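Number of protein chains: 2
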Amino acid sequence: MTVSKTAEKSAEKTAEATKARKDAPEAPPETLQLGELSEQLGYVLKRAQLKVFENFLRCVASLQLTPAQFSVLLLVEKNPGRNQTEIASTLGILRPNFVAMLDNLESRDLCSRIRSTNDRRSHILVLTDKGKAVLARAKKLVATKHEARLNDLLGTTNREALIAMLSKIAKEF
Amino acid sequence: MTVSKTAEKSAEKTAEATKARKDAPEAPPETLQLGELSEQLGYVLKRAQLKVFENFLRCVASLQLTPAQFSVLLLVEKNPGRNQTEIASTLGILRPNFVAMLDNLESRDLCSRIRSTNDRRSHILVLTDKGKAVLARAKKLVATKHEARLNDLLGTTNREALIAMLSKIAKEF
DNA sequence: GATAATTGTTATGGATCATATCAAATATCG
DNA sequence: CGATATTTGATATGATCCATAACAATTATC
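Top to bottom, those sequences are chains W and A. The first sequence runs 1 to 173 under the UniProt record's numbering. The second sequence runs 1 to 173 under the UniProt record's numbering.
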């Protein structure tokens with residue numbers, strides 16, 4: 001759809017515009033060559049990440065959950081009774097930016113802030129019943145539509161190897 | 001360094017705060033459990049991508065190049081004579097956002113916009129001599145410091161497998 | 001030759017990310 | 001004990017990135 005848009009044009013002025021048309025070995029002229037870019041880790045990582053996030057959003061579109069929101073719900077479910085700072089920092093979210101995120105989730109009745117009795121400064125985070133239900137549905141959608149897509153593409157063994165390598169990079173790079 | 005910050009506190013009020021202290025099989029209490037998050041493709045992808053970009057910036061800090069700028073220089077070098085729309089679109093950059101990027105690179109005399117004689121609307125992009133030199137130095141830094149780091153971490157075979165899988169995801173997901 | 005499409009550009013708004021600062025609560029330490 | 005420092009959640013604010021609409025100049029199309 002976007003390939004044949006920029007065809008050869010204005011070839012009547014410069015006669016050389018149609019040179020090297022026969023026995024062209026490779027490199028179709030209308031497509032740009034990525035070259036070393038396709039071997040750059042950062043480039044391909046970023047491109048893959050965008051595609052994966054995009055697919056994630058489609059898969060859980062019915063629940064209106066972003067990857068970041070999904071990760072918050074997962075972490076709160078796994079670690080009930082933790083405060084905002086703890087949840088945010090393990091997700092790499094800065095505390096100021098976490099406030100609006102929680103405002104959103106709380107306004108949708110997916111999680112609650114509870115003033116801690118031990119330390120009245122902190123807010124303990126817990127999932128509401130609705131939050132647990134939504135998260136359960138999200139998990140199913142992600143497993144059956146999102147992760148399954150990855151399995152189809154790579155196979156289970158490769159998928160596990162990929163996750164392992166990315167985890168290692170995230171931790172040790 | 002950030003592990004032992006939030007130690008157990010105020011354990012004298014609630015006697016249950018110190019329960020399950022002996023024969024704890026796993027799960028140190030001061031560290032949050034990632035749970036299913038560590039298996040989520042999107043999460044580990046994003047985390048890895050941030051680490052890789054961070055490392056890239058450090059490796060080429062002397063040249064003041066971001067990953068995006070590096071990709072532009074690489075693509076222009078590989079595809080001389082292309083216009084802004086072509087370069088931007090193959091990198092997934094929207095044309096309006098590409099203008100400021102080029103203003104930056106051009107103000108640093110790394111690349112030039114040249115009015116095309118065929119189509120006087122478009123700007124042909126080429127690297128300046130300085131741009132070619134800077135790109136050459138950047139390539140060396142990236143190869144010896146950045147990509148080499150990845151080889152040390154994964155090994156050459158795994159590195160190639162990782163790049164291949166990420167490329168596949170970027171294209172077919 | 002009138003109309004449509006393309007190119008680079010500007011303006012603009014949203015989303016993400018980072019820093020400084022604050023009040024309330026707690027911890028630390030003399 | 002009490003003065004000081006630290007922590008927590010929050011606000012304000014700015015930077016950066018990403019997306020859309022619109023525009024003038026140029027070219028393509030019919």
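All C-beta atoms, glycine included, are put in the ideal place defined by N, C-alpha and C. Values in this document were obtained by computation on a predicted structure and should not be read as measured data.
{"Asked": "In the DSSP assignment, find the unbroken alpha helix (DSSP H) run with residue 121 (chain W) in it and report its ends.", "Found": "Residue 121 (chain W) -> no alpha helix (DSSP H), and no H or E assigned at all."}
{"Asked": "Check whether the stretch 88-105 of chain A touches the stretch 67-83 of chain W, taking contact to mean three or more Cβ pairs, one atom from each stretch, closer than 8 Å.", "Found": "no"}
{"Asked": "Tell me, please, which residues DSSP counts as bridged to residue 83 (chain A).", "Found": "A:124"}
{"Asked": "Could you give the residue range of the alpha helix (DSSP H) that holds residue 114 (chain W)?", "Found": "Note, residue 114 (chain W): premise wrong, no alpha helix (DSSP H); beta strand (DSSP E) at 111-115."}
{"Asked": "Is it the case that the Cβ atoms of residue 175 (chain A) and residue 126 (chain A) are separated by a distance below 8 Å?", "Found": "With chain A represented from 1 up to 173, any question about residue 175 (chain A) goes unanswered, as that position is not in the structure."}
{"Asked": "For residue 168 (chain A), would you say it is in contact with chain W, using Cβ-to-Cβ distances shorter than 8 Å as the test?", "Found": "yes"}
{"Asked": "Which chain A residues sit within Cβ distance under 7 Å of residue 80 (chain W)?", "Found": "Here the premise fails: no neighbours, minimum Cβ distance about 11 Å."}
{"Asked": "At 3 residues or longer, and completely inside the stretch 36-81 of chain W: list those beta strand (DSSP E) runs for me, N to C.", "Found": "none"}
{"Asked": "Could you give the distance in angstroms between the alpha-carbon of residue 62 (chain A) and the alpha-carbon of residue 49 (chain A)?", "Found": "21 Å"}
{"Asked": "Mind pulling the chain W residues with CB within less than 9 Å of residue 38 (chain A)?", "Found": "163 and 167"}
{"Asked": "With 7 Å as the C-beta to C-beta threshold (strictly closer), list the residues of the stretch 62-87 of chain A near chain W in chain order.", "Found": "67, 71, 74, 75, 78, 79, 82 and 86"}
{"Asked": "I need the DSSP call for residue 31 (chain A), collapsed to helix, strand or coil.", "Found": "coil"}
{"Asked": "What did DSSP end up calling residue 169 (chain W) once you bin it into helix, strand or coil?", "Found": "helix"}
{"Asked": "Is residue 90 (chain W) close to chain A? Criterion is C-beta to C-beta, closer than 8 Å.", "Found": "yes"}
{"Asked": "Could you give the DSSP three-state label for residue 131 (chain W): helix, strand or coil?", "Found": "helix"}
{"Asked": "If contact means a Cβ-Cβ distance below 9 Å, which residues of the stretch 114-146 of chain A contact chain W?", "Found": "117, 118, 119, 139, 142 and 146"}
{"Asked": "Kindly indicate if chain W contains any beta-carbon less than 8 Å away from that of residue 48 (chain A).", "Found": "yes"}
{"Asked": "Strictly under 8 Å for the Cβ-Cβ distance: is residue 149 (chain A) near chain W by that measure?", "Found": "yes"}
{"Asked": "Is the number of C-beta pairs between the stretch 96-113 of chain W and the stretch 137-156 of chain W that are closer than 8 Å three or more?", "Found": "no"}
{"Asked": "Within 8 Å (strictly less), CB to CB, does residue 158 (chain A) reach chain W?", "Found": "yes"}
{"Asked": "Per DSSP, what kind of secondary structure is residue 95 (chain A) in: helix, strand or coil?", "Found": "helix"}
{"Asked": "Count the other CB atoms within 10 Å of the CB of residue 46 (chain W); is the residue buried (16 or more) or exposed (fewer)?", "Found": "buried"}
{"Asked": "Would you call the CB atoms of residue 173 (chain W) and residue 52 (chain A) closer than 8 Å?", "Found": "yes"}
{"Asked": "Find the residues of chain A that neighbour residue 35 (chain W), judging by a C-beta separation of less than 9 Å, and give them in chain order.", "Found": "74, 75, 77, 78 and 79"}
{"Asked": "Verify whether the separation of the beta carbon atoms of residue 56 (chain W) and residue 42 (chain A) is less than 8 Å.", "Found": "yes"}
{"Asked": "Could you name the residues of chain A that residue 42 (chain W) contacts, counting a contact when the two beta carbons are closer than 7 Å?", "Found": "52, 53, 56 and 67"}
{"Asked": "Since residue 172 (chain A) meets chain W, which of its residues come closer than 7 Å, beta carbon to beta carbon?", "Found": "153"}
{"Asked": "Specify the secondary structure class of residue 108 (chain W) as computed by DSSP and reduced to three states.", "Found": "coil"}
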